[in-house]
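Chains as they are written, first to last, in the working numbering: chain A, 2 to 91; chain B, 1457 to 2400. Single-structure report; data block below.
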């Protein structure tokens, strides 16, 4: 059971949150070819290590945010706003 | 074993009666069930699971692999409990088991609770190490939780004769306990086992709150309590467990761990008459000293090592004990009941055997640090040659593993290590309080541990040399597994079931790994042991659920009109957490009769239903229209204030997600309804896009599902019923056309009235404030009484909407259905983008052989083909048949007086006129594919 830091509410139990998949996936323009669109819809990275992902504090402030979680250790190294990039988050 | 007249940690003034297999026996306060049985000379306490061999008590703790019992009666029975962990109480009822417990068919009457706690420092284990750690951290001012599975702190100090600071260890334990109790931020949890170590230092504990009390004294108390602790620092002081040795007939009653023999002496005042001690390490010599001092005859001291040079063996020699080094037990002899009578002794190097009579064989195969919680966090382990066991590698971040759990078995090491860990954990969190001097104890120089684990059977029969005493797995069993080609310890575990028992293989893991290593000729350090996973201790599901049972399992949502449904005798169905009236049977009516009556009232008269469970979202802001245009497949922005439109939403992949009605109340304000089940998901979908994709849009969302109670008044007489209740609202079809919305007053209540219909009939959907819902319902019923107004439920609604070919998202559609598949291609705006639009352009979404919505008419109008049935062209085709689709909705229509339904079939409406079959276990009724609108296809009835 993870302890997740919501940028608005602080550390809370995982049960208060819902997972939102990989972060920083830009929606392509609608005139991209079918293969590119399918990649956007169905393909996600699955690294063994640090992974930027989206969560929503669904049973709390209902805000979306990002964390960087190590998929091997579950260590959460960053928690930041959707408007920030993983690099400039402290 | 015999009870000594005095001694032990027993309250001799409190004799307790208990029942064992129907016999009434007696013990003392302070006994466990196991010690009480031994004290009553019950040496065989059960039968082994596979071979049915007699089994006794082999330990004094939770590593027990034999002595299981069924505790309690009726709904409070607990199956498969280790007798060594059951505190005796007056009136305890217990039965012996052949390792298999019996679940009571009755509802578990136990009371379970759940608590959450935060700790600066969580100390797992209340032995000398844990006490020293908790005291050091607690005195620094840290908030400490210390948990121990026993009824009191002390751990190994309770079973051994140690001195601390020159005084008996018990005095130090008592003083430390008083100090801990005096620290306001320290919580001591006895009878509490940590069974799971979760990420970010979540520790889950199971506390036995009242299970040690006589049943009459438990009222008002929980049986057990689940603790979920979040700790900034965790100190694992989980100790070490003694390991049995493997030799022929090593499972007889009368064979126990060397440390357990001391525990039964010092805690429970129980002694055998003649003991053989079989050692591979120095600690077992404590058993020699202690039992000798208690008057027990030491029949033999066997040490598998070639030489025993440590401090304790040296003292033993000085005291005149004869130590046979290089000697081992090669077998045991039992009486007619299988209870130990004598052991066979021989040189490890070979040679002749001799018989040594005894009634207790104390064995010590060495010690294994208890690393389960460490391993649950993927903590590393490393092999240690000197101690012949696995020690922890680097600790998990924000954790310390210390004392015997870290392979430091000396008491002084434990006291010093625990104190240092406590100080370090507190200092890491910035605490700087009182520091007390370290307690000290004199440790003996310790010799190497023998790596002997298995004494080969002289006759070559390894089928009585038990590795896992609980699961009845022998050396022969492991050899069989290896012979079958299984190699990895995790695979051997699953093939043989070694380590899958209640005690989680505590005593069997290492020997199992060694058997595998020996069998395939590999170095044990490489083979290793199977991993530790939660739960480290068996936990009843009822404890995990705690109070979330029965009525408290899940919230039940009811509408404000619910009491009226109950009064009308409604039969309810669950829609998510909501209770919805399914139909309202009159006396003598079943569901089908009631539904026919309700449907005909809608079609021919006037009826009303409770639609308050519909999801409702208030959408406001200058960009609301732009926002909704991006969400819905059809155009919303062109909607005029005071008008409503049916709306459809897709997921990003183009699959139908939800439908509902969008009303524009003001230029920048919309009122959106969703299906009952999707109220939450649609709100979250909208929020997600506002926050993450379009943060520039000025839109604000409010869920108002439970602010508006909604009652559709439906049927050709609806206008007449409503007219006298409204003030200043023209209900004529010209002034109040289909899909118009008006705010006004209905029956004296501020109301919003919309002309939307899910049945095809004239309908006024009236919404009022939630807490006025019942008043509205009563007023409408009253006004309609002259027109035989009829309440109708969800079942009738389902028939009515199916007659009109209206889909229910999730019933007639699934996770592959596009709008076009559902016959809603007219809902797709071509001149704007929306979520899912690009996906609908993918070639797979445009194939002509996709499944599409059609109607079905069974050949036999009296047959309702069950929903979910497959449809095929040839009912006689050999299986697997070519499946063309399936039936999604199927009913009897009171309006067309026959069975009918909806289906999704490949090719969709191109198949209209074809005859397909629904193959079932008995027969394959034929159906004809038709257009999915069965009633009033021109929509002539909606204006009344």
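Where a beta carbon is used, it is the ideal one built from N, C-alpha and C, also for glycine. Only a predicted model underlies this, so the values are computations on that prediction, with no experimental measurement involved.
Worksheet item: Thinking C-alpha only, which one of A:64, A:79 and A:65 is nearest residue 71 of chain A?
Response: Of A:64, A:79 and A:65, the smallest CA-CA separation from residue 71 of chain A is found for A:79.
Worksheet item: For residue 1873 of chain B, which of helix, strand or coil comes out of DSSP?
Response: It is helical.
Fill in: Cβ contact check for the region 2070-2077 of chain B and the region 2160-2180 of chain B: 3 or more pairs under 8 Å
Counting Cβ pairs under 8 Å, three or more are found: they touch.
Worksheet item: Leaving out the 5 sequence neighbours to the left and right, which residues in its chain are closer than 6 Å to residue 2224 of chain B when beta-carbon positions are compared?
Response: Around residue 2224 of chain B, the same chain offers 2165, 2205, 2207 and 2232 as residues with beta carbons nearer than 6 Å, after the five sequence neighbours per side are excluded.
Worksheet item: What span of residues does the beta strand (DSSP E) with residue 1698 of chain B cover, start to end?
Response: Bounds of the beta strand (DSSP E) holding residue 1698 of chain B are 1696-1698.
Worksheet item: How about residue 1520 of chain B and residue 1680 of chain B: do their beta carbons lie closer than 9 Å?
Response: Against a cut-off of 9 Å, the Cβ pair of residue 1680 of chain B and residue 1520 of chain B comes out as no contact.
Worksheet item: At a cut-off of 8 Å, is residue 1587 of chain B close to the ligand ADP when judged by its beta-carbon and the heavy atoms of the ligand?
Response: By its list of ligands, the structure shown contains no ligand whatsoever, and the ligand ADP lies outside what it can speak to.
Worksheet item: Among B:1911, B:2015, B:2040 and B:2317, which one has its Cα closest to the Cα of residue 2027 of chain B?
Response: Looking at the Cα atoms, B:2040 is the closest of the given residues.
Fill in: Helix, strand or coil at residue 2043 of chain B according to DSSP, with G and I counted as helix
If DSSP states are grouped into helix, strand and coil, residue 2043 of chain B belongs with coil.
Discussion item. Taking 9 Å as the threshold (beta carbon to beta carbon), is residue 19 of chain A in contact with chain B?
Written reply: For residue 19 of chain A, the closest Cβ of chain B is nearer than 9 Å.
Discussion item. Less than 9 Å between the beta carbons of residue 1691 of chain B and residue 1837 of chain B, yes or no?
Written reply: For the pair residue 1691 of chain B and residue 1837 of chain B, the CB atoms are not nearer than the 9 Å cut-off.
Worksheet item: Near residue 1892 of chain B, what residues of its chain come up, given a Cβ to Cβ distance below 7 Å and the 5 sequence neighbours on each side ignored?
Response: Excluding residues within five positions, the ones whose Cβ falls inside 7 Å are 1595.
Fill in: Own chain residues within Cβ distance below 7 Å of residue 1628 of chain B, not counting five before or after
So the qualifying residues of the chain are 1620, 1621 and 1895.
Item to complete: For the alpha helix (DSSP H) containing residue 1530 of chain B, list its first residue and its last residue.
Response: Premise fails: residue 1530 of chain B is in no alpha helix (DSSP H) and is neither H nor E.
Item to complete: Name, please, each residue of chain B whose Cβ falls closer than 9 Å to the Cβ of residue 44 of chain A.
Response: For residue 44 of chain A, no chain B residue has a C-beta closer than 9 Å to its own C-beta; the minimum C-beta separation is roughly 13 Å.
Worksheet item: So which residues of chain B does residue 59 of chain A contact, with C-beta pairs closer than 8 Å?
Response: Going along chain B in sequence order, the residues near residue 59 of chain A (Cβ under 8 Å) are 2140.
Worksheet item: Nearest-angstrom Cα distance between residue 1533 of chain B and residue 2136 of chain B?
Response: Rounded to whole angstroms, the separation of the alpha carbons of residue 2136 of chain B and residue 1533 of chain B is 41 Å.
Practice prompt. Pull out every residue of the region 2142-2153 of chain B whose Cβ sits closer than 8 Å to any Cβ of chain A, in chain order.
Written response: Under the 8 Å Cβ criterion, the region 2142-2153 of chain B contributes 2143, 2144, 2147, 2148, 2149 and 2151.
Worksheet item: Can you find at least 3 beta carbon pairs, one from the region 1877-1892 of chain B and one from the region 1468-1475 of chain B, that sit closer than 8 Å?
Response: Between the region 1877-1892 of chain B and the region 1468-1475 of chain B there are fewer than three C-beta pairs closer than 8 Å, too few to call the two in contact.
Worksheet item: So which of B:2131, B:2155, B:2133 and B:2132 has the shortest CA-CA distance to residue 2142 of chain B?
Response: The candidate whose alpha carbon is nearest that of residue 2142 of chain B is B:2155.
Item to complete: May I have the straight-line CA-CA distance separating residue 2152 of chain B from residue 24 of chain A, to the nearest angstrom?
Response: Taking the straight line from one Cα to the other gives about 19 Å.
Worksheet item: DSSP state of residue 67 of chain A, grouped into three classes?
Response: Secondary structure at residue 67 of chain A: strand, using DSSP grouped into helix, strand and coil.
Worksheet item: Looking at C-alpha atoms only, which residue of B:2058, B:2328 and B:1645 is the closest neighbour of residue 1682 of chain B?
Response: Selected option, being the one with the closest Cα: B:1645.
Discussion item. Assuming residue 1905 of chain B and residue 1844 of chain B are in contact, meaning their beta carbons sit under 8 Å apart, how far apart are those beta carbons, in whole angstroms?
Written reply: Right, the Cβ-Cβ distance comes to about 4 Å (below 8 Å), so this counts as a contact.
Item to complete: With 9 Å as the threshold, decide whether the Cβ of residue 28 of chain A is near any Cβ in chain B.
Response: So, interface residue.
Discussion item. Taking the beta carbon of residue 91 of chain A as the centre, do at least 16 other beta carbons fall within 10 Å, making it buried, or is it exposed?
Written reply: Any answer about residue 91 of chain A is weak, because its pLDDT of 45 lies below 50 and its placement is not dependable; what the coordinates show is given next. Classification of residue 91 of chain A: exposed, given that the 10 Å Cβ count is below 16.
Practice prompt. Under 9 Å between beta-carbons, which chain B residues line up against residue 13 of chain A? List them in chain order, please.
Written response: One finds nothing in chain B with a Cβ atom closer than 9 Å to the Cβ of residue 13 of chain A; even the nearest lies about 10 Å away.
Item to complete: Please list the segments of the alpha helix (DSSP H) lying wholly inside the region 2134-2197 of chain B, counting only runs of 4 or more residues, in order along the chain.
Response: Runs of the alpha helix (DSSP H) inside the region 2134-2197 of chain B: 2135-2144 and 2174-2178.
Fill in: According to DSSP, residues forming a beta bridge with residue 2404 of chain B
Because chain B is modelled from 1457 through 2400, residue 2404 of chain B falls outside the range shown and cannot be assessed.
Discussion item. Whole angstroms are fine: how far does the CA of residue 11 of chain A sit from the CA of residue 57 of chain A?
Written reply: Cα to Cα, residue 57 of chain A sits roughly 13 Å from residue 11 of chain A.
Worksheet entry | Alpha carbon of residue 2125 of chain B to alpha carbon of residue 2086 of chain B, nearest angstrom | Those two C-alpha atoms are separated by around 16 Å.
Worksheet item: What residue ranges within the region 1891-1966 of chain B form continuous beta strand (DSSP E) runs of no fewer than 3 residues, ordered along the chain?
Response: For the region 1891-1966 of chain B, whole beta strand (DSSP E) runs of length 3 or above, ordered along the chain, are 1922-1924.
Discussion item. Here's the rule: buried if 16 or more other CB atoms are within 10 angstroms of the residue's CB, otherwise exposed. What is residue 2398 of chain B?
Written reply: Taking all protein chains shown into account, residue 2398 of chain B has 16 or more neighbouring C-beta atoms within 10 Å of its C-beta and is therefore buried.
Worksheet item: Using 9 Å as the limit for Cβ to Cβ distance, is residue 1988 of chain B near chain A?
Response: Taking 9 Å as the CB threshold, residue 1988 of chain B stays off the interface with chain A.
Worksheet entry | Those runs of the beta strand (DSSP E) which lie wholly inside the region 2000-2071 of chain B and span at least 3 residues | Here the runs fully enclosed are 2027-2031 and 2034-2039.
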